[in-house]
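See below for the structure under consideration.
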Amino acid sequence: MAGRIPHEFIDDLLARVDIVDVISRRVQLRKAGKDFQARCPFHDEKTPSFTVSREKQFYHCFGCGAHGSAIGFLMEYERLGFRDAVEELAHQAGVELPVDDATPRGPDLTPLYETLQRAADLYRRQLRKHPDSRAARDYLSGRGLSEEIIERFGLGYAPDGWGFLLERLGSGRDDQERLAQAGLLAQNDQGRRYDRFRSRIMFPIRDHRGRIIGFGGRVLDDQKPKYLNSPETAVFHKGQALYGLYEAHQRHRALDRLLIVEGYMDVIALAQFDIPYAVATLGTATTPEHLRRLLRSAPELIFCFDGDRAGREAAWKALQTALPQATGQQQIRFLFLPEGEDPDTLVRREGRDGLAGRLAAAPLLSDVLFEHLTNQVDLASTEGRTRLTALAEPLLKDLPNSLYKQLLLDRLAELARLPSGYLAATRPARPRQSLPRTRLTLTPMRLALAILLQHPELHEHAVATPDHWRQLAKPGTILLEKLLETLVSHPSLTPSALLERWRDGDEWRHLHRLSDPALIGHIPPEGLTAELRDALQALNRQARGQAAQQLFAKTSPSQWSDAEKEQIRKGLIREE
1 MAGRIPHEFI
11 DDLLARVDIV
21 DVISRRVQLR
31 KAGKDFQARC
41 PFHDEKTPSF
51 TVSREKQFYH
61 CFGCGAHGSA
71 IGFLMEYERL
81 GFRDAVEELA
91 HQAGVELPVD
101 DATPRGPDLT
111 PLYETLQRAA
121 DLYRRQLRKH
131 PDSRAARDYL
141 SGRGLSEEII
151 ERFGLGYAPD
161 GWGFLLERLG
171 SGRDDQERLA
181 QAGLLAQNDQ
191 GRRYDRFRSR
201 IMFPIRDHRG
211 RIIGFGGRVL
221 DDQKPKYLNS
231 PETAVFHKGQ
241 ALYGLYEAHQ
251 RHRALDRLLI
261 VEGYMDVIAL
271 AQFDIPYAVA
281 TLGTATTPEH
291 LRRLLRSAPE
301 LIFCFDGDRA
311 GREAAWKALQ
321 TALPQATGQQ
331 QIRFLFLPEG
341 EDPDTLVRRE
351 GRDGLAGRLA
361 AAPLLSDVLF
371 EHLTNQVDLA
381 STEGRTRLTA
391 LAEPLLKDLP
401 NSLYKQLLLD
411 RLAELARLPS
421 GYLAATRPAR
431 PRQSLPRTRL
441 TLTPMRLALA
451 ILLQHPELHE
461 HAVATPDHWR
471 QLAKPGTILL
481 EKLLETLVSH
491 PSLTPSALLE
501 RWRDGDEWRH
511 LHRLSDPALI
521 GHIPPEGLTA
531 ELRDALQALN
541 RQARGQAAQQ
551 LFAKTSPSQW
561 SDAEKEQIRK
571 GLIREE
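For the record, in the sequence shown the residue sitting at position 87 is 87 according to full-length UniProt numbering, with numbers rising by one throughout.
Okay, structure coming up:
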């Protein structure tokens, strides 16, 4: 939670990162005056209404109302918790995440990452120096890989033998335990541990921060399995990891597309031909988590499969996984390879431009979907069209409600020769493209809070205004006091940093709503100071009226205190 990370660290972190840089890694922004603009990533829209302010370090969508700081954007877009979002930004800024002693901590995974890195370094050295690594080097050079590509992907070699790694990195009991926890050791029925990877070319697998989380190993002989992956560990999960994604981001900060291929060598071979946007799942079918990560990384995904029956069956499974997350805003395509070809052989035969042409012509998800379904039915018959509808509707019902879903249903209706609007009438009504929001009534208290949250530089005018409002017994008084105290102590806070100070508090929901720029968008910039003063003066009048009600409710002036009499004399309390 936010309170367990020092406020000062959050302030400094948000001052170090640029929200435009953070969002442009994930959403295509274009300059619009002094701000940046895009189609909102949080709802469907045709006209861009999503704005990012470098000055305020704040984003806001005028369509659906989404708004917040760089931290809030990562939480919403990447589906991260607060701590993970802060950690991601801290990594981007090159700073360590501090925690206080009260922070509940999970297991410390640092030793595992260190062990995996030591193993990767050792394997990499063996590829260059071990006397038995000639076959591995010959294999890689035979695949046309340069030294630069081998180094970029950190390829290595695990020599033959049951104890090479164990002897060098597992001298102590604790070291052996860490090697086992990292998935680098296996154990036989007698409890004896041995190297999991032997006589294999080693492919380090990295997470989004570049930390090694596991390995893939390819044999150099007829040993089975041909490819061996690390087992599930505390840091490695096959259903989430994507080989090559970190390396792709290293080459291009904002990726235009990702090509999803079958294996490590496909990824590396394509990178050798200056196609650095290929990634691979790790011996498993594409999972929903894979899809979420892929869709967060690029606006276009192209799945690459063999053109045979097995390849098309695998493509259909991937399509079914992708469909519930499809919105139409990001393109998902399927490339089917010619018989006997893989991405490596194809790019060697046709070159980079030839493969690029195939990628551009690859059919879209919607085309593959309806081609697969219509091949199973006879569209010329009533029964066939009925069957088509029965096959398609269960697949389409799980799509997010969007324009894309509506268009797919319209296409289904056209193929099934159904009356126009028939399917639309039988499915639940689609929500508005812009999410409905209840407009807050801007009371003087809310107006003062909203202006200070969005324009903290105006706090000096609030401090200079009489503060009889502090005596008000109403919701918001204490919050306004806290807000001003924070701004007096930290006058250079940006709106985003100011808001983040309340993320873990009871006031967060209220303040987050008041930070919506649409609330005070009708006030011209030159009128904000006057509006703030007017709001505070209105609160002062309310305070005087409240004090008068309490005072004149007393039975006689004899019960008035000297201070109250002095206030009446000065006109600070009057019956209104």
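Using N, Cα and C, we set each Cβ at its ideal position, and we do this for glycine too.
Check                                                                                                                                                      : Outcome
Who does H60 pair with in a DSSP beta bridge?                                                                                                              : T51 and H67
Is it buried or exposed, S381, if we count other Cβ atoms within 10 angstroms and call 16 or more buried?                                                  : exposed
Taking only runs that begin and end inside the region 472-556, name each unbroken alpha helix (DSSP H) of 4 or more residues, in chain order.              : 477-489, 495-500, 508-514 and 528-552
Would DSSP call F336 helix, strand or coil?                                                                                                                : strand
Expressed to the nearest angstrom, what Euclidean distance is found between the alpha-carbon atoms of L270 and L355?                                       : 10 Å
What is the rounded straight-line gap between the Cα of Q250 and the Cα of A85?                                                                            : 20 Å
Are T284 and K317 close, meaning C-beta to C-beta below 8 Å?                                                                                               : no
Would you kindly work out how many angstroms separate the C-alpha atoms of V377 and L391, rounded to a whole number?                                       : 10 Å
Under 8 Å between the Cβ atoms of I302 and A361?                                                                                                           : no
What are the partner residues of K31, as DSSP defines its beta bridges?                                                                                    : F36
Which residue's Cα is closest to the Cα of S530: L258, L458 and D504?                                                                                      : A small fix is needed here, since residue 530 is Ala in this sequence, not Ser. When only C-alpha atoms are compared, the closest one is L458.
Does the region 109-116 come within contact of the region 170-184, defined as at least 3 CB pairs closer than 8 Å?                                         : yes
Would you report the Cα separation of A543 and H7, rounded to the nearest angstrom?                                                                        : 32 Å
Report all residues from its chain with a CB closer than 6 Å to the CB of H60; omit the five preceding and five following residues, and keep chain order.  : T51, H67 and P517
Within 10 angstroms of its Cβ, does T494 collect 16 or more other Cβ (buried), or is it exposed?                                                           : buried
Taking D18 as the reference, give the member of A538, A535, A497 and L514 with the closest Cα.                                                             : A497
In the structure shown, what three-state DSSP assignment does I5 receive?                                                                                  : coil
With V368 as the anchor, note down where its alpha helix (DSSP H) starts and where it stops.                                                               : L365 to T374
For the putative contact between R218 and I212, defined by C-beta atoms under 8 Å, what is the C-beta separation to the nearest angstrom?                  : Actually they do not touch by this definition, with Cβ atoms about 17 Å apart.
Considering only C-alpha positions, which residue in the set P525, A538 and G521 is nearest to F62?                                                        : G521
Less than 8 Å between C-beta atoms, sequence neighbours within five positions excluded: which residues of the same chain meet that for Q57?                : L14, D18, I19, S69, A70, T494, P495, S496 and A497
Who are the Cβ neighbours of D138 in its own chain at under 8 Å, not counting the five residues just before and after it?                                  : none
On the three-state DSSP scale, how would you describe V17?                                                                                                 : coil
Does any C-beta atom of chain B lie closer than 8 Å to the C-beta of P159?                                                                                 : The structure shown contains no chain B; it holds only a single protein chain.
Less than 8 Å between the beta carbons of G244 and S230, yes or no?                                                                                        : no
Need the endpoints of the beta strand (DSSP E) that Q187 sits in, please.                                                                                  : L185 to Q187
Going by alpha carbons, who is nearest to Q537 out of H130, R152 and V463?                                                                                 : V463
Tell me whether P466 sits in a helix, a strand or coil according to DSSP, three-state version.                                                             : coil
When the distance is taken between beta carbons, is L423 closer than 8 Å to L519?                                                                          : no
Short of 7 Å in beta carbon distance, which residues of its chain neighbour S53, apart from the five on each side in sequence? Order them along the chain. : D35
Helix or strand or just coil, what does DSSP make of R218?                                                                                                 : strand
I'd like the list of long-range same chain contacts for D344, defined as Cβ closer than 8 Å, with 5 residues on each side in sequence excluded.            : R143, M265, D266, A269 and L270
For the beta strand (DSSP E) containing G156, name the first residue and the last one.                                                                     : G156 to A158
I need the straight-line Cα distance from T386 to L323, nearest angstrom please.                                                                           : 22 Å
Under a three-way DSSP split, which group does P131 fall into?                                                                                             : coil
Report yes if the CB atom of L403 is closer than 8 Å to the CB atom of D44, and no otherwise.                                                              : yes
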